[in-house]
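Residue numbers (my numbering): 22 to 215. Even glycine gets a Cβ: it sits at the ideal position worked out from N, Cα and C.
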């Protein structure tokens, strides 16, 4: 565990974070050569390093929640990279402990502030949104925004609570459709362990 923690910490301290809007990841060799990269690049470098040591590791994409976002602060004494936007990190399987989150961009380990969207073996499998848009008017699609709301619950949302969130979002023009009337079957509430 100490060696895996050391690799996680070394990436945070020895590499420079640079935002990059282009899709995909650069190779671990390129990240080493440049001494910099994005959260995706750092996660991939970390994964390849721990796999070389014999650990099972996987790529995770999602969101990083930090409480300073709730306060609408624009800066933070110890800045967290990737908060409030899509983020990438890794999970490593440690015998006796299971899958543990490692965020080499921020040096975080096992935090509940990492909100998973996709967990995959290879970053190319982790597109958080896949779909298409068709319109007679090509300029009709103006863009997309994602907001992340995090709350602590002791029990899963009920169907009524889920419907109420969906309808509030639809009232705001955020989403359309998604219910049985749209051909999407209702599901039982599911609780997924963290």
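- Item | Proximity to residue 47 [Cα-Cα], best of 158, 144, 160, 156 | 144
- Nearest to residue 44 by alpha carbon, out of 73, 56, 107, 28? 107
- Query: Nearest to residue 60 by CA position, among 117, 83, 23, is which residue?
  - Reply: 83
- Buried or exposed for residue 58, please, with buried defined as at least 16 other CB atoms from any protein chain shown within 10 angstroms of its CB. buried
- Query: Between which two residues does the beta strand (DSSP E) carrying residue 119 extend?
  - Reply: 119–124
- Return helix, strand or coil for residue 70, following the three-state DSSP convention. In the structure shown, residue 70 sits in a helix (DSSP, three-state: H, G or I).
- Task: Can you have a look at residue 34 and say buried or exposed, based on whether 16 or more other CB atoms are within 10 angstroms of its CB?
- Result: So residue 34 ends up on the exposed side.
- Message: Does residue 42 come out as helix, strand or coil in the three-state DSSP assignment?
- Response: coil
- Query: Using DSSP with H/G/I as helix, E/B as strand and the rest coil, what is residue 52?
  - Reply: Shown here, residue 52 sits in a helix according to DSSP, grouped into three states.
- Have a look at residue 75 and residue 26 and give me their C-alpha separation to the nearest angstrom. Those two C-alpha atoms are separated by around 15 Å.
- Message: What residue range does the beta strand (DSSP E) around residue 112 cover?
- Response: 107–115
- Could you check how far apart the C-beta atoms of residue 40 and residue 81 are, in whole angstroms? I think they sit under 8 Å. Rounded to whole angstroms, the Cβ separation of residue 40 and residue 81 is 19 Å, and the two are not in contact under 8 Å.
- Task: Identify which residue in 124, 161, 79 has its Cα closest to the Cα of residue 85.
- Result: 124
- What number of angstroms, rounded off, separates the C-alpha of residue 79 from the C-alpha of residue 37? 22 Å
- Query: DSSP three-state call for residue 6: helix, strand or coil?
  - Reply: No answer is possible for residue 6: it lies beyond the span of the chain, which begins at 22 and ends at 215.
- Item | 7 Å CB neighbourhood of residue 50 in its chain, flanking five on each side removed | none
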